[in-house]
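Letter by letter, the sequence shown follows residues 1061 to 1488 in my numbering. The beta carbon of each residue, even a glycine, is placed where N, CA and C say it ideally should be. A quick note: this is a predicted structure, and the numbers were derived from the prediction, not measured.
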Amino acid sequence: MSELFALNTDKVMRCKISCLVFCLSILSLTVTAQTGTIKGVVSSSENGETLIGAAVVIKGTTTGMSTGLDGDFMIDVKPGSYNILCSFISFGEKTIEGVVVKEGETTELNIKLDPAGIEITGVSVEARALQNTENAVQNIQRESTTVMDAISAQQISRMGDGDAAAAVRRVSGVSIEGGKYLTVRGLGDRYSKTALNGIEVPSLDPDRNSVQMDMLPTNLLDNIQVVKSFTPDLPGSFSGGYVNLITKDFPDQASLHLSAGFGVNENATFNNNYITSRRSSTDLLGFDDGLRDVPLEAMTGVPDRYVDNDRLDQVTRSFNKDMTLQNRTPGPNMSYSFSIGDQIPFLGKSLGVLASINYSKSNSFYQNGFVGRYNVPSASTSEQLNPRFLLQDSKASEEVLWGAMTSFNYRLAKDHSIGINLIRNQSG
């Protein structure tokens, strides 16, 4: 009885599977019968080469595909009329209209695309030659008709120099005396000239020909050029070296620089014995407020004592009678530097602005020094000098130095600009 039941069960299962396969076959035939196929090859009309990766789509829809390795494609769609769009890089697009697809049939569609020439509009790149790099400085030296050395802002920033005096000493043949005075090829400052953007800068010290190089911060410089030979376009009053400080005309970005320095002179700083005279209200700025002016009576000339003794007495009495010394305690030596630069739009053009101000004050002092004058004795009496008189002295000095510079540069056109440099230096 159980064997008969198992046999009947197997027959039922085989019957169900046969029915399922038959239904799926009918469904597949029905779906296939409801669509058609578009197939073909995309190639170049110029040489017949098949195009791999060309896009073939039904226009107005997202139905489509890219061609295979042989340039072939095959798209299944419902029966109807379609517009086929074909495109490929560097080839013109092509639309085939009215492609008829019938149910259960394959429509052959071979497409040939025409190469399309691509016209690229010319690109013009304009830029100003940099003057603050090592390569730029080397080009300047190579093209120069003189013997010249130079140092760029790029090199200066790498060395960390804060002012022009510290930077220029790195040029071969150049040394700095006293931290600020220039010596080129062993010749003193009287044989050298300093210029700012090609314009000679006068010295503040009446006893020196050289400019105090520590007054200009390096963040305002593009490069420093040191010329060591003569050319007709340079001043004829130098024989050691001609130093040209080239400042930035149009800063690449806004900059702000502030620095302060302090120093100690072991003989002067905080010394209660430091001597001074009566001070004016503006001594800190390197000039006085009229306290030390020569009296008007003396400005007209000093009369001869035998001709106009009364007039001479009047001139003498007009001078300040206060000759007493005072003691005060000076503070540390100090220096300050502030600079700012930027490039701003002005009237549709670029305006480059640079401004800087520097200030320094220092004190020096010695006491119990000796001053003397001597006579030369005859050789027969002694080999030593005979003193005429010997004096003991003390000397104190206070030096103030400050300078301000403002530079404006306006770009008129691509290759034309106009600029002005304003400089104010004071020493006392």
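If I measure Cβ to Cβ from residue i and keep anything under 7 Å in the same chain, skipping five residues before and after, which residues do I get?
{"i": "residue 1140", "result": "1161"}
{"i": "residue 1168", "result": "1099 and 1100"}
{"i": "residue 1289", "result": "1206 and 1207"}
{"i": "residue 1251", "result": "1298, 1299 and 1300"}
{"i": "residue 1117", "result": "1123, 1124 and 1145"}
{"i": "residue 1235", "result": "1229 and 1243"}
{"i": "residue 1214", "result": "1192, 1193 and 1194"}
{"i": "residue 1103", "result": "1109, 1110, 1111, 1131 and 1172"}
Let me check understanding here. Comparing Cα to Cα, which of the options lies closest to residue i?
{"i": "residue 1095", "options": "1104, 1123, 1103 and 1165", "result": "1165"}
{"i": "residue 1172", "options": "1268, 1466 and 1107", "result": "1107"}
{"i": "residue 1466", "options": "1446, 1413, 1450 and 1475", "result": "1413"}
{"i": "residue 1121", "options": "1130, 1100, 1143 and 1419", "result": "1143"}
{"i": "residue 1468", "options": "1448, 1487, 1416 and 1437", "result": "1416"}
{"i": "residue 1311", "options": "1482, 1485, 1192 and 1438", "result": "1192"}
{"i": "residue 1216", "options": "1251, 1432 and 1281", "result": "1281"}
{"i": "residue 1186", "options": "1483, 1479, 1473 and 1486", "result": "1473"}
{"i": "residue 1129", "options": "1116, 1110 and 1117", "result": "1110"}
{"i": "residue 1446", "options": "1433, 1454, 1355 and 1375", "result": "1433"}
{"i": "residue 1115", "options": "1104, 1133 and 1105", "result": "1133"}
{"i": "residue 1258", "options": "1486, 1479 and 1488", "result": "1479"}
{"i": "residue 1209", "options": "1303, 1265 and 1381", "result": "1303"}
{"i": "residue 1384", "options": "1337, 1285 and 1377", "result": "1337"}
{"i": "residue 1113", "options": "1150, 1330, 1428 and 1458", "result": "1150"}
{"i": "residue 1354", "options": "1376, 1344, 1371 and 1367", "result": "1376"}
{"i": "residue 1245", "options": "1262, 1340, 1267 and 1287", "result": "1287"}
{"i": "residue 1402", "options": "1308, 1225 and 1131", "result": "1308"}
{"i": "residue 1285", "options": "1269, 1260, 1200 and 1331", "result": "1200"}
{"i": "residue 1265", "options": "1102, 1249 and 1170", "result": "1249"}
{"i": "residue 1431", "options": "1444, 1450 and 1408", "result": "1450"}
{"i": "residue 1476", "options": "1409, 1372, 1181 and 1158", "result": "1409"}
{"i": "residue 1481", "options": "1263, 1344 and 1305", "result": "1305"}
{"i": "residue 1223", "options": "1418, 1437, 1436 and 1435", "result": "1418"}
{"i": "residue 1356", "options": "1344, 1378 and 1181", "result": "1378"}
{"i": "residue 1097", "options": "1382, 1291 and 1163", "result": "1163"}
{"i": "residue 1458", "options": "1126, 1170 and 1344", "result": "1344"}
Taking DSSP's pairing of strands, which residues face residue i in a bridge?
{"i": "residue 1223", "result": "1277"}
{"i": "residue 1347", "result": "In DSSP, residue 1347 forms no bridge with anything."}
{"i": "residue 1096", "result": "1137"}
{"i": "residue 1464", "result": "1417 and 1484"}
{"i": "residue 1175", "result": "1151"}
{"i": "residue 1456", "result": "1425"}
{"i": "residue 1210", "result": "1285"}
{"i": "residue 1182", "result": "None; residue 1182 has no bridge partner."}
{"i": "residue 1409", "result": "1406"}
{"i": "residue 1315", "result": "1401"}
{"i": "residue 1322", "result": "1394"}
{"i": "residue 1432", "result": "1450"}
{"i": "residue 1510", "result": "Any question about residue 1510 goes unanswered here, given that the chain covers just 1061 to 1488."}
{"i": "residue 1478", "result": "1470"}
Closer than 6 Å by C-beta to residue i: which residues in its own chain qualify, once you throw out the five before and the five after it? Chain order, please.
{"i": "residue 1319", "result": "1397"}
{"i": "residue 1411", "result": "1404 and 1470"}
{"i": "residue 1295", "result": "1253"}
{"i": "residue 1316", "result": "1400"}
{"i": "residue 1049", "result": "One cannot answer for residue 1049 here, as it falls past the ends of the chain, which runs 1061 to 1488."}
{"i": "residue 1137", "result": "1161"}
{"i": "residue 1152", "result": "1174 and 1176"}
{"i": "residue 1484", "result": "1464"}
{"i": "residue 1158", "result": "1141"}
{"i": "residue 1261", "result": "1254 and 1271"}
Excluding five sequence neighbours on each side, which residues of the same chain lie with their C-beta closer than 8 Å to the C-beta of residue i?
{"i": "residue 1342", "result": "1348 and 1349"}
{"i": "residue 1196", "result": "1189, 1190, 1212 and 1283"}
{"i": "residue 1221", "result": "1227, 1230 and 1278"}
{"i": "residue 1334", "result": "1328, 1387, 1388, 1389, 1390, 1423, 1425 and 1456"}
{"i": "residue 1119", "result": "1142, 1143, 1144, 1145 and 1155"}
{"i": "residue 1346", "result": "1460, 1461, 1462, 1486, 1487 and 1488"}
{"i": "residue 1062", "result": "For residue 1062, the predicted structure reports a pLDDT of 40, less than 50, and the residue's modelled location is therefore unreliable. A value from the coordinates is still provided. None."}
{"i": "residue 1428", "result": "1452 and 1454"}
{"i": "residue 1105", "result": "1172, 1173, 1174 and 1175"}
{"i": "residue 1269", "result": "1249, 1250, 1251, 1252, 1253 and 1263"}
{"i": "residue 1331", "result": "1389, 1390 and 1425"}
{"i": "residue 1232", "result": "1209"}
Touching or not, the stretch 1414 to 1422 and the stretch 1348 to 1365, by the rule of three or more beta carbon pairs under 8 Å?
-> no
### Query
Pairing CB atoms from the stretch 1381 to 1395 with CB atoms from the stretch 1324 to 1334, are three or more of them under 8 Å?
yes
- prompt: Quick one: complete alpha helix (DSSP H) runs, 4+ long, within the stretch 1330 to 1403?
  reply: 1356 to 1359 and 1369 to 1377
Check your understanding: Touching or not, the stretch 1241 to 1252 and the stretch 1267 to 1278, by the rule of three or more beta carbon pairs under 8 Å?
Key -> yes
Ordered list of beta strand (DSSP E) runs contained in the stretch 1229 to 1287, each at least 3 residues: 1234 to 1237, 1241 to 1244, 1252 to 1256 and 1281 to 1287
query: In the stretch 1097 to 1129, which residue ranges form an unbroken beta strand (DSSP E) of at least 3 residues, counting only runs that do not cross its ends?
result: 1115 to 1118 and 1124 to 1126
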